[in-house]
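Participant: Order-wise, the sequence lines are chains U and W.
So for the first sequence, our numbering puts the first residue at 1; every next one is plus one.
So for the second sequence, our numbering puts the first residue at 334; every next one is plus one.
2 protein chains.
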Amino acid sequence: MATLADVARHAGVAASTVSYVLSGKRSVSTATRRRVEHSIELLNYHPHAGARALASSRSSIIALVVPLRGDLYVPVMMEIAIAVTTTARRFGHDVLLLTNEEGPEGIRRVAVTARADAMILMDVSMDDDRIPMLRDVGIDAVLIGVPANARGLACVDLDFAAAGARCVEHLAGLGHREVAFIGEAEAVYRRRSGFAERTLDGVKASAVARGVRVVHRPCQASHEAAAGTITRILEDRPGTTGLIVQNESVIPPLLSVLRTTGRMVPEDMSVVALCPDQVAEQTSPRLTSVRIPAEDMGRWAVELLMRRPFDGHELVLLPPELTVRGSTAPASR
Amino acid sequence: MATLADVARHAGVAASTVSYVLSGKRSVSTATRRRVEHSIELLNYHPHAGARALASSRSSIIALVVPLRGDLYVPVMMEIAIAVTTTARRFGHDVLLLTNEEGPEGIRRVAVTARADAMILMDVSMDDDRIPMLRDVGIDAVLIGVPANARGLACVDLDFAAAGARCVEHLAGLGHREVAFIGEAEAVYRRRSGFAERTLDGVKASAVARGVRVVHRPCQASHEAAAGTITRILEDRPGTTGLIVQNESVIPPLLSVLRTTGRMVPEDMSVVALCPDQVAEQTSPRLTSVRIPAEDMGRWAVELLMRRPFDGHELVLLPPELTVRGSTAPASR
DNA sequence: AGCCCTTGTCGAAGCGCTTCGAAAGACGAG
DNA sequence: CTCGTCTTTCGAAGCGCTTCGACAAGGGCT
Numbered sequence: 001m002a003t004l005a006d007v008a009r010h011a012g013v014a015a016s017t018v019s020y021v022l023s024g025k026r027s028v029s030t031a032t033r034r035r036v037e038h039s040i041e042l043l044n045y046h047p048h049a050g051a052r053a054l055a056s057s058r059s060s061i062i063a064l065v066v067p068l069r070g071d072l073y074v075p076v077m078m079e080i081a082i083a084v085t086t087t088a089r090r091f092g093h094d095v096l097l098l099t100n101e102e103g104p105e106g107i108r109r110v111a112v113t114a115r116a117d118a119m120i121l122m123d124v125s126m127d128d129d130r131i132p133m134l135r136d137v138g139i140d141a142v143l144i145g146v147p148a149n150a151r152g153l154a155c156v157d158l159d160f161a162a163a164g165a166r167c168v169e170h171l172a173g174l175g176h177r178e179v180a181f182i183g184e185a186e187a188v189y190r191r192r193s194g195f196a197e198r199t200l201d202g203v204k205a206s207a208v209a210r211g212v213r214v215v216h217r218p219c220q221a222s223h224e225a226a227a228g229t230i231t232r233i234l235e236d237r238p239g240t241t242g243l244i245v246q247n248e249s250v251i252p253p254l255l256s257v258l259r260t261t262g263r264m265v266p267e268d269m270s271v272v273a274l275c276p277d278q279v280a281e282q283t284s285p286r287l288t289s290v291r292i293p294a295e296d297m298g299r300w301a302v303e304l305l306m307r308r309p310f311d312g313h314e315l316v317l318l319p320p321e322l323t324v325r326g327s328t329a330p331a332s333r
Numbered sequence: 334m335a336t337l338a339d340v341a342r343h344a345g346v347a348a349s350t351v352s353y354v355l356s357g358k359r360s361v362s363t364a365t366r367r368r369v370e371h372s373i374e375l376l377n378y379h380p381h382a383g384a385r386a387l388a389s390s391r392s393s394i395i396a397l398v399v400p401l402r403g404d405l406y407v408p409v410m411m412e413i414a415i416a417v418t419t420t421a422r423r424f425g426h427d428v429l430l431l432t433n434e435e436g437p438e439g440i441r442r443v444a445v446t447a448r449a450d451a452m453i454l455m456d457v458s459m460d461d462d463r464i465p466m467l468r469d470v471g472i473d474a475v476l477i478g479v480p481a482n483a484r485g486l487a488c489v490d491l492d493f494a495a496a497g498a499r500c501v502e503h504l505a506g507l508g509h510r511e512v513a514f515i516g517e518a519e520a521v522y523r524r525r526s527g528f529a530e531r532t533l534d535g536v537k538a539s540a541v542a543r544g545v546r547v548v549h550r551p552c553q554a555s556h557e558a559a560a561g562t563i564t565r566i567l568e569d570r571p572g573t574t575g576l577i578v579q580n581e582s583v584i585p586p587l588l589s590v591l592r593t594t595g596r597m598v599p600e601d602m603s604v605v606a607l608c609p610d611q612v613a614e615q616t617s618p619r620l621t622s623v624r625i626p627a628e629d630m631g632r633w634a635v636e637l638l639m640r641r642p643f644d645g646h647e648l649v650l651l652p653p654e655l656t657v658r659g660s661t662a663p664a665s666r
């Protein structure tokens, strides 16, 4: 394995010159630069990451903390993770994968050992216990999700409140007056996941504004839970003609239950989902939906990080986009 | 940030002694050890990862290469990734997330810059182009999946051939004589994904042995594709009474199509799936299935790596486990 | 011609840790 | 009492890179 010293010797220059060719931090004459580059090529030189990290006290690594919960829709998480990774590469960074198994201590560990020089946290709850730790160790971080006290922290998220509102508006615009919001599992609200809470707020506020009656029903991902939830909704509020679904895993069982109970979508029941486009297009009929811009969120998170230092106004709320597909229609009278 | 030298000074010993306390590579008297540990505690000392990597030429990082394809079932990938990460932590290692976006060059980069000192590759195809690179740079690696030429490489996988066979056996045992195997998307076979190919082989071989007629139909993840596939199967082979499904995303649309066309599961049609237990238990009826042991695969991969050096016999094929649930029943005559 | 500024290059001093050889004692055997 | 053997600790030499101050050379001014 060739070292920087080998390159320097081969090119007949000082080690520092090679370093400057590599980093561009000082100007180097074209002639020397070419000579150095040639030697690098020839010796197949690659800088040693550890040595770099030590000398420059920058690791070029971003730590990504992913949730290991079973009750969150995994493909979205994965898509964010992939977007983070590919974007980080574009900035010459690599991504370290962290789970919450270690708890907030994992964050401390990575920060104080200088394994990573920045972090991205996913699935941030309103009163997330990782946030004090983040502040304590003082590592640069971007949150995917918006906690209650976000002061001084950079955050990226879909504007879930607006997204919820958008769903209600769409249904209201089609004449629906009784709507049910099938949300995430109870546990998700209990732990105060920001996105779930905000969506609910948005739905409620918009419903009030539009004169739509809305009931909210948390729902788990099993067929039984979905069946139970929809049955209960129809019993309690037989006049319900619109459904907003946030928990992606509920969609297949939900559609299946509607079908078996003889309810046509969209003729008898309009359905609008908050889910990735891919999911909305796999069903029959295709679902009118507000997409979860997973890739954008991952990309933004990294870009914010790269634009450091933060100026204190780092809150990126991505506007919701509603795509009309085949699952919503005017309310029948 | 305290350094090792600070600790040494504080404890009144040489730096090397502190190092030996930390690594345990040489014996240290109980008295000094305690003194050093006390200083470490007091100064809140944490070793600098980069410095360590440089001095010891070991980074304590495992690189995990995840596929970024849309046509593979994501939750399984995620579960493997999580299992790899948590297991790696148990061995004091961290995990670097790599996508295939960089292609095989990404492997070289990570290896030659000494970013990671071992790798785990997911979604390995029979003639995977990353394998020559692996051999070339000579980094220790474990493959999740088994390529055609695995000589000298450690591999972990579910024994998909046995799994496929197990499905056929189960159906054959219930008296089914005409069975359809709904597989992964065409593209998955075209790129020669090992697991898809092996499953098919296992299904075919077992079918021959059991005197069962099997047709194989690749199938994409959309509702239309599923509907088309099942319709075609029933037209071509009206006597089909058993279905084996490998593509998890096809399950919801498949069940929905069967229901709408008036076919009861399991009375009219037995269904056995190759999928994570979680998926099998979300449907109604619950699916008889061979589980994908994602967590075991991830854990094994790391454990193999930690047991290095490899002795040349590193092929872990996890035995399939079939769980009977409500979706299979004796063939009606 | 003399001065200053810019540009390009060098050397040296670390960054914080590991590891190896050797020194210093302690101790039992002869 | 001496010798050899352990055990415990130390010091020094790196690991491969970055960065800073210094210096030499060249140019444009006055």
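Cβ coordinates follow ideal geometry from the N, Cα and C atoms, glycine included.
Since we're looking at a predicted model, the values are computed, not measured.
Any beta-carbon of chain W closer than 8 Å to the one on residue 46 of chain U?
Facilitator: The residue you call residue 46 of chain U lines up with position 46 of the first sequence. Yes, because at least one Cβ of chain W sits closer than 8 Å to the Cβ of residue 46 of chain U.
Participant: List the residues of chain W whose Cβ lies closer than 7 Å to the Cβ of residue 120 of chain U, in chain order.
Facilitator: Start at 1 with the first residue of the first sequence, and residue 120 of chain U comes out as number 120. Within chain W, no residue comes near residue 120 of chain U; the closest Cβ sits about 11 Å away, beyond 7 Å.
Participant: What number of angstroms, rounded off, separates the C-alpha of residue 280 of chain U from the C-alpha of residue 191 of chain U?
Facilitator: Looking up residue 280 of chain U in the first sequence gives position 280. Looking up residue 191 of chain U in the first sequence gives position 191. Taking the straight line joining both Cα atoms gives about 27 Å.
Participant: Tell me which same chain residues have a C-beta within less than 7 Å of the C-beta of residue 292 of chain U, skipping the five on either side of it?
Facilitator: Working through the first sequence from its first residue, we reach residue 292 of chain U at position 292. The residues are 76, 158, 274, 275, 276.
Participant: Starting from the beta carbon of residue 447 of chain W, find every residue of chain U whose beta carbon is closer than 7 Å, and list them in chain order.
Facilitator: Taking the second sequence and counting its residues from 1, one reaches residue 447 of chain W at position 114. Near residue 447 of chain W (Cβ distances below 7 Å), the residues of chain U are 48, 49, 50.
Participant: Taking only beta-carbon atoms, is residue 556 of chain W less than 8 Å away from chain U?
Facilitator: Within the second sequence, numbered from 1, the residue matching residue 556 of chain W stands at position 223. Residue 556 of chain W counts as touching chain U.
Participant: Under DSSP, the beta strand (DSSP E) around residue 242 of chain U begins and ends at which residues?
Facilitator: Numbered from 1 along the first sequence, position 242 holds the residue referred to as residue 242 of chain U. Note, residue 242 of chain U: beta strand (DSSP E), 242-245.
Participant: Alpha carbon to alpha carbon, how far is residue 337 of chain W from residue 378 of chain W?
Facilitator: In the second sequence, residue 337 of chain W corresponds to position 4, counting from 1. In the second sequence, residue 378 of chain W corresponds to position 45, counting from 1. Those two C-alpha atoms are separated by around 7 Å.
Participant: What's the C-alpha gap between residue 109 of chain U and residue 121 of chain U?
Facilitator: On the first sequence, residue 109 of chain U is found 109 positions in, with the first residue counted as 1. On the first sequence, residue 121 of chain U is found 121 positions in, with the first residue counted as 1. Rounded to whole angstroms, residue 109 of chain U to residue 121 of chain U spans 15 Å at the Cα level.
Participant: Are the region 412-421 of chain W and the region 630-648 of chain W touching, with three or more C-beta to C-beta distances below 8 Å?
Facilitator: Yes, since at least three Cβ pairs between the region 412-421 of chain W and the region 630-648 of chain W fall closer than 8 Å, the two stretches touch.
Participant: By a C-beta neighbour count over all protein chains shown, 10 Å radius and 16 as the cutoff for buried, is residue 595 of chain W buried or exposed?
Facilitator: Here residue 595 of chain W is taken as the residue at index 262 of the second sequence, counted from 1. Under this definition residue 595 of chain W is an exposed residue.
Participant: With a 10 Å radius around its C-beta and 16 neighbouring C-beta atoms as the bar for buried, classify residue 260 of chain U as buried or exposed.
Facilitator: Taking the first sequence and counting its residues from 1, the one referred to as residue 260 of chain U is at position 260. The residue in question, residue 260 of chain U, is exposed, as its Cβ has fewer than 16 Cβ neighbours within 10 Å.
Participant: Taking only beta-carbon atoms, is residue 415 of chain W less than 8 Å away from chain U?
Facilitator: As a position in the second sequence, residue 415 of chain W is number 82, starting the count at 1. Yes, because at least one Cβ of chain U sits closer than 8 Å to the Cβ of residue 415 of chain W.
Participant: Taking the continuous alpha helix (DSSP H) assigned at residue 552 of chain W, which residues delimit it?
Facilitator: Counting from 1 along the second sequence, the entry for residue 552 of chain W is found at position 219. First-last for residue 552 of chain W: undefined, no H or E at that position.
Participant: Is the beta carbon of residue 162 of chain U less than 8 Å from the beta carbon of residue 285 of chain U?
Facilitator: Walking along the first sequence from the start, residue 162 of chain U turns up at place 162. Walking along the first sequence from the start, residue 285 of chain U turns up at place 285. Not closer than 8 Å, so no.
Participant: Of the choices W/640, W/373, W/484, W/549, whose alpha-carbon is the least far from that of residue 519 of chain W?
Facilitator: Looking up residue 519 of chain W in the second sequence gives position 186. Of W/640, W/373, W/484, W/549, the residue nearest in Cα terms is W/549.
Participant: Strictly below 7 Å CB to CB, what residues from chain W border residue 269 of chain U?
Facilitator: By 1-based counting over the first sequence, the position of residue 269 of chain U is 269. Ordered by position in chain W, no residue passes the 7 Å Cβ test against residue 269 of chain U, which lies about 16 Å from the chain.
Participant: Given that a residue counts as buried once 16 or more other Cβ atoms are within 10 Å of its Cβ, and exposed if not, what is residue 247 of chain U?
Facilitator: Here residue 247 of chain U refers to the residue found at position 247 of the first sequence. Its Cβ being crowded by 16 or more others within 10 Å, residue 247 of chain U is buried.
Participant: Between the C-alpha atoms of residue 18 of chain U and residue 48 of chain U, what's the straight-line distance to the nearest angstrom?
Facilitator: Within the first sequence, numbered from 1, the residue matching residue 18 of chain U stands at position 18. Within the first sequence, numbered from 1, the residue matching residue 48 of chain U stands at position 48. For residue 18 of chain U and residue 48 of chain U, the distance between alpha carbons rounds to 14 Å.
Participant: If we define contact as Cβ-Cβ less than 8 Å, is residue 364 of chain W a contact residue for chain U?
Facilitator: Counted from its first residue, the second sequence places residue 364 of chain W at position 31. Judged by the 8 Å Cβ criterion, residue 364 of chain W is not in contact with chain U.
Participant: The alpha helix (DSSP H) with residue 532 of chain W in it runs from where to where?
Facilitator: Numbered from 1 along the second sequence, position 199 holds the residue referred to as residue 532 of chain W. 527-543 is the extent of the alpha helix (DSSP H) around residue 532 of chain W.
Participant: Using C-beta distances below 6 Å, list every residue in its chain close to residue 253 of chain U, excluding the 5 sequence neighbours before and after it, in chain order.
Facilitator: Residue numbering aside, residue 253 of chain U sits at position 253 when the first sequence is read from its first letter. 223, 226.
Participant: How would you call residue 194 of chain U, buried or exposed, if buried means at least 16 neighbouring beta carbons within 10 angstroms?
Facilitator: The count along the first sequence starts at 1 and reaches residue 194 of chain U at position 194. With 16 or more Cβ atoms within 10 Å of its Cβ, residue 194 of chain U is classed as buried.
Participant: List the residues of chain W whose Cβ lies closer than 9 Å to the Cβ of residue 261 of chain U, in chain order.
Facilitator: As a position in the first sequence, residue 261 of chain U is number 261, starting the count at 1. Near residue 261 of chain U there are no residues of chain W at all, since even the closest Cβ is about 12 Å away, more than 9 Å.
Participant: Going by the DSSP bridge assignment, what does residue 656 of chain W pair with across the sheet?
Facilitator: Here residue 656 of chain W refers to the residue found at position 323 when the second sequence is read from its first residue. Beta-bridge pairing links residue 656 of chain W to W/622.
Participant: For chain W, is any of its Cβ atoms less than 8 Å away from the one on residue 140 of chain U?
Facilitator: Indexing the first sequence from 1 puts residue 140 of chain U at position 140. Cβ-Cβ to chain W under 8 Å: no for residue 140 of chain U.
Participant: Within 8 Å (strictly less), CB to CB, does residue 123 of chain U reach chain W?
Facilitator: Residue numbering aside, residue 123 of chain U sits at position 123 when the first sequence is read from its first letter. No, its Cβ sits nowhere closer than 8 Å to a Cβ of chain W.
Participant: In chain order, which alpha helix (DSSP H) runs of at least 4 residues are fully inside the region 399-451 of chain W?
Facilitator: With a minimum length of 4 residues, the continuous alpha helix (DSSP H) runs that stay inside the region 399-451 of chain W are 407-423, 437-445.
Participant: Applying a beta-carbon distance threshold of less than 7 Å, which residues of chain W neighbour residue 94 of chain U?
Facilitator: As a working mapping, residue 94 of chain U is identified with position 94 in the first sequence. Near residue 94 of chain U (Cβ distances below 7 Å), the residues of chain W are 429, 448.
Participant: Give me the residue from U/171, U/189, U/124, U/288 with the minimum Cα distance to residue 218 of chain U.
Facilitator: Locating residue 218 of chain U in the first sequence gives position 218, where the first residue counts as 1. For residue 218 of chain U, the nearest C-alpha among the options comes from U/189.
Participant: With which residues is residue 63 of chain U paired in a DSSP beta bridge?
Facilitator: Residue mapping note: residue 63 of chain U aligns to position 63 of the first sequence, counting from 1. DSSP output for residue 63 of chain U lists U/96, U/119 as bridge partner(s).
Participant: What do you reckon, are the CB atoms on residue 429 of chain W and residue 472 of chain W nearer than 8 Å?
Facilitator: The sequence position of residue 429 of chain W within the second sequence is 96, counting from 1. The sequence position of residue 472 of chain W within the second sequence is 139, counting from 1. No, Cβ-Cβ distance for residue 429 of chain W and residue 472 of chain W is not below 8 Å.
Participant: Please return the same chain residues whose Cβ sits closer than 7 Å to the Cβ of residue 229 of chain U, not counting the five positions on each side in sequence.
Facilitator: Along the first sequence, read from residue 1 onward, the residue named residue 229 of chain U stands at position 229. So the qualifying residues of the chain are 182, 217, 219.
Participant: Residues of chain W with CB under 9 Å from residue 184 of chain U, in chain order?
Facilitator: As a working note, residue 184 of chain U is residue 184 in the first sequence. Per Cβ cutoff of 9 Å: no residues; residue 184 of chain U is ~15 Å from chain W at best.
Participant: Would you please state the rounded distance, in angstroms, between the beta carbons of residue 72 of chain U and residue 123 of chain U? I believe it to be under 8 Å.
Facilitator: Working through the first sequence from its first residue, we reach residue 72 of chain U at position 72. Working through the first sequence from its first residue, we reach residue 123 of chain U at position 123. Yes, they are in contact, since the Cβ atoms of residue 72 of chain U and residue 123 of chain U sit about 6 Å apart, within 8 Å.
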